[in-house]
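Undergrad: Supplied in structure tokens, the structure appears directly below.
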Amino acid sequence: MARVGCVTIGALCLGDAPYAIKEVGISYFLMYFYTQVMKLDSSLVSLSVFVATLFDGLTDPIIGQWSDTSSSHCGRRHPFLYASIVPIGLSYAILWNPLAGLSEVALFVHLLCFLTLTRILIGFFGIPHAALVPELITDYDGRTKVFGARFFLAYCTAMACAAGTTELLLTPSTPAAADGLLNEVGYRSFGVYSACFMVALMLLSAIGTAAAARRLPRQPPRRRAGLAALFSDVRRVLSSRSSLAVVGAATFVSVSGGIELTIDLFVNTYFWQLSQRQISLIMLTGPASAVAGMLLALPLSRALGKKRAAQLFSLGSMFFGSALVAVRVMEGPAPADEGSGGASSQHWLPPNRTDALFFCVALFKHGALFGSIAMQILLSSMLADVVEEAQLRTGHRSEGMLSAANQATRKFGFGVGALLAGGILSAVSFPRHQQPELVEPVVVHRLGMALASTRTVLYLVAIVLLGFYQIDRKTHENHLDHIRSNRVNLFSSGEVINVFPDSSCTPVPGDMPLMALGPSSTDTSREDSYERY
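What follows is the structure, encoded as structure tokens:
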């Protein structure tokens, strides 16, 4: 097999960028746009996000298994990539451009339908594309490098998109949108422009990986299972202690991320009372923290192992993400006549609307981002290492299924987080379409209290769950050795034997013997392709 070249590696690393653009809109701007601009109730918005995420998560295993069992002249994954690109762009643009004059019910239906459609369609691209990483890269550290680059490019894309939208599109062009964030036209333009960028990035990523995908060895044919058998396969693939640990930890981290991203614009605008320029500066300088997280994830995982490094980064992200908000909350709500949002007369932190406070907020946000990026890189790499463990247990490579599990975990977590965020906004009686200085300080204080406490608890649970992960470097190398040795015909007669009689992955005529999967036993180029690159 030919080496994995620079173009392929670059296209692999670009695969999360379209997903990041979508998440910027849905996780960061959507709640603000539909509640503060379109005046839809926050509980309805959060319900839409949760329902869309639920349907999305249910379809992810189907997409993963479908791509695992497909076959074409351009590989298993690329038919899904090419077919999904244009529909994704169209549905995302329409999501941000509801018809004028819709009633609250009609607006809710519009949001629910196109949000669900967008999430499902993006799965047809994201899951098969992510499955290409463990297919093409089997090296223990190589996977961490590739996932690190994917997260870095995705984050840079997201921050550039968010900052560009805040600075260039959400401008105070009308009296009704004096602060820019209430500018309806800006959000509508954001939907169109971001959809175009998503389509362009998906095309580049799909075309860039096409040649390497065609050279991948054909997998043995497998019958597609029904829904009951499909979810039985999901249970079987994810039944190990390690897979449950990393999926569980990722779920709790994603719930925290969903809460934080959904109300982050509210926190920045009302709790810290940052200006649009200050919010943009934090976004534009964010890639520096992402670079630091990406660069430190690999050496620390080499020194401590992926599990310990992920726990350490999680602890750091928890501290930097919650500590500053907790300190402001402990100051108590400000008197109404101070007009300082979350600040009080007992100042442990600088007052709002000061450069010193902005510096503190930016520093702690970058610290939380640094830990979060490094932790997510390691979580993805840890889940990729489950591929070989699952192959030894089930007899099939299930990159698509595990990729679907990873995507479903993130989506489900963010959906639950968005639902909780909407509940938090409703519980604290947060007003709609209100200028920051007019919101009651006690409401802002309650918002900060809910954010800090919830984030801390969720991260602590994730750290505990990571302790149950069992795959280290030695274990991974042992898995690869067993797979290589078993690629030689284990059954000299060549008879098809189902050694997993309870499995729903029923062999079909022409099935290869157990473990005669992937590259031939004489083809070792794939194992070290990343290191040669």
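Sequential numbering of the sequence shown, starting at 1, is according to the UniProt record's numbering.
Note that beta-carbon positions come from the ideal geometry of N, C-alpha and C, so glycine has one too.
(1) Just how far apart, CA to CA, sit Tyr459 and Ser256?
(2) So Leu357 and Leu349 are supposed to be a Cβ contact under 8 Å. How far apart are they, rounded?
(3) Tell me where the alpha helix (DSSP H) around Lys39 begins and ends.
(4) Assign Ala83 to buried or exposed, taking buried as 16 or more other Cβ atoms, counted over all protein chains shown, within 10 Å of its Cβ.
(5) If you draw a straight line from the C-alpha of Ile373 to the C-alpha of Asn406, how long is it?
(6) How big is the Cα-Cα spacing for Pro87 and Asn352?
(7) Are Leu466 and Ala310 close, meaning C-beta to C-beta below 7 Å?
(8) Would you mind sorting Cys13 into buried or exposed? The rule is 16 or more other CB atoms within 10 Å of its CB.
(9) Just to confirm, are Ser242 and Ile483 a CB contact at a threshold of 7 Å?
(10) Just reading off the alpha helix (DSSP H) that Ala206 is part of, what are its end residues?
(11) Looking only at its chain, what residues have a beta carbon closer than 6 Å to the beta carbon of Ser72, apart from the 5 residues adjacent to it on each side?
(12) Which residue spans inside the region 439 to 493 form an unbroken alpha helix (DSSP H) run of at least 4?
(13) Look up Pro431 in the DSSP assignment and say whether it is helix, strand or coil.
(14) Quick check: the region 9 to 27 against the region 194 to 203, are there 3 or more CB pairs under 8 Å?
(15) Nearest to Asn268 by alpha carbon, out of Ser314, Glu440, Lys365?
(16) Report back the beta-carbon spacing between Gly126 and Gly258 to the nearest angstrom; my notes put them in contact at under 8 Å.
(17) Can residue 550 and Ala162 be called in contact, C-beta distance under 7 Å?
(18) Please check the pair Ala154 and Tyr270, which I expect to be a contact at CB under 8 Å, by giving their CB distance rounded to whole angstroms.
(19) With a Cβ-Cβ cutoff of 7 Å, do Ser301 and Thr456 count as a contact?
(20) How would you call Arg277, buried or exposed, if buried means at least 16 neighbouring beta carbons within 10 angstroms?
(21) What is the DSSP secondary structure of Ser280, counted as helix, strand or coil?
(22) Would the region 442 to 450 count as touching the region 290 to 304 if we require 3 or more Cβ pairs under 8 Å?
(23) Terminal residues of the continuous alpha helix (DSSP H) containing Asp264?
(24) Nearest-angstrom Cα distance between Asp511 and Phe55?
(25) Since Thr8 is in the alpha helix (DSSP H), which residue starts that stretch and which ends it?
(26) Is the distance from the Cβ of Val45 to the Cβ of Tyr34 below 7 Å?
TA: Based on what the coordinates show:
(1) Counting from 1 along the sequence shown, the entry for residue 459 is found at position 459. Counting from 1 along the sequence shown, the entry for residue 256 is found at position 256. Cα-Cα distance, rounded: 7 Å.
(2) The sequence position of residue 357 within the sequence shown is 357, counting from 1. The sequence position of residue 349 within the sequence shown is 349, counting from 1. Confirmed, Cβ separation roughly 6 Å.
(3) Counting from 1 along the sequence shown, the entry for residue 39 is found at position 39. In the DSSP assignment, Lys39 falls outside any alpha helix (DSSP H) and carries neither an H nor an E.
(4) Counting from 1 along the sequence shown, the entry for residue 83 is found at position 83. In summary, Ala83 is exposed, with fewer than 16 beta-carbon neighbours lying within 10 Å of its beta-carbon over all protein chains present.
(5) Locating residue 373 in the sequence shown gives position 373, counting from the first residue. Locating residue 406 in the sequence shown gives position 406, counting from the first residue. Whole-angstrom Cα-Cα distance: 15 Å.
(6) Within the sequence shown, residue 87 is the residue found at index 87, counting from 1. Within the sequence shown, residue 352 is the residue found at index 352, counting from 1. If you take the alpha carbons of Pro87 and Asn352, they lie about 44 Å apart.
(7) In the sequence shown, residue 466 corresponds to position 466, counting from 1. In the sequence shown, residue 310 corresponds to position 310, counting from 1. Yes, they are a contact pair.
(8) Working through the sequence shown from its first residue, we reach residue 13 at position 13. Buried: at least 16 other Cβ atoms inside 10 Å.
(9) On the sequence shown, position 242 is the one that residue 242 refers to. On the sequence shown, position 483 is the one that residue 483 refers to. No; because the gap between Cβ atoms is not below 7 Å, this pair is not in contact.
(10) In the sequence shown, counting from the first residue as 1, residue 206 sits at position 206. In the DSSP assignment, Ala206 falls within the unbroken alpha helix (DSSP H) covering 184 to 215.
(11) Position 72 of the sequence shown, counting from 1, holds the residue named residue 72. The residues are Pro79.
(12) DSSP runs (the alpha helix (DSSP H)) wholly in the region 439 to 493: 441 to 466, 473 to 486.
(13) Sequence index remark: in the sequence shown, residue 431 carries index 431 (1-based). In the three-state reduction of the DSSP assignment, Pro431 falls in the coil class, being assigned neither a helical nor a strand state.
(14) Yes, the region 9 to 27 touches the region 194 to 203.
(15) In the sequence shown, the residue the question calls residue 268 occupies position 268. Proximity to Asn268 across Ser314, Glu440, Lys365 peaks at Lys365, based on C-alpha coordinates.
(16) Here residue 126 is taken as the residue at index 126 of the sequence shown, counted from 1. Here residue 258 is taken as the residue at index 258 of the sequence shown, counted from 1. With a Cβ gap of about 17 Å, Gly126 and Gly258 do not count as contacting.
(17) No answer is possible for residue 550: the residues shown for the chain start at 1 and end at 533.
(18) Looking up residue 154 in the sequence shown gives position 154. Looking up residue 270 in the sequence shown gives position 270. In this structure, Ala154 and Tyr270 do not form a Cβ contact; the two beta carbons are roughly 28 Å apart against a cut-off of 8 Å.
(19) The count along the sequence shown starts at 1 and reaches residue 301 at position 301. The count along the sequence shown starts at 1 and reaches residue 456 at position 456. If you check the CB distance, Ser301 and Thr456 do not come in under 7 Å.
(20) Against the sequence shown, residue 277 aligns to sequence position 277. Around the beta carbon of Arg277, fewer than 16 other beta carbons sit within 10 angstroms, so the residue counts as exposed.
(21) Within the sequence shown, the letter at position 280 stands for residue 280. In this structure, Ser280 counts as helix in the three-state DSSP scheme.
(22) Output reads no: the region 290 to 304 does not touch the region 442 to 450.
(23) Here residue 264 refers to the residue found at position 264 when the sequence shown is read from its first residue. Secondary structure note for Asp264: its alpha helix (DSSP H) is the uninterrupted segment 241 to 266.
(24) Walking along the sequence shown from the start, residue 511 turns up at place 511. Walking along the sequence shown from the start, residue 55 turns up at place 55. Summary for Asp511: the model assigns pLDDT 35, below 50, so the residue's position carries little reliability; its value from the coordinates is reported in the next sentence. For Asp511 and Phe55, the distance between alpha carbons rounds to 33 Å.
(25) As a first step, residue 8 is located in the sequence shown; it is residue number 8 there, counting from the start. It spans 6 to 13 - the alpha helix (DSSP H) in which Thr8 sits, taken as one unbroken run.
(26) Position 45 of the sequence shown, counting from 1, holds the residue named residue 45. Position 34 of the sequence shown, counting from 1, holds the residue named residue 34. It is a contact, given that the beta carbons lie within the stated cut-off.
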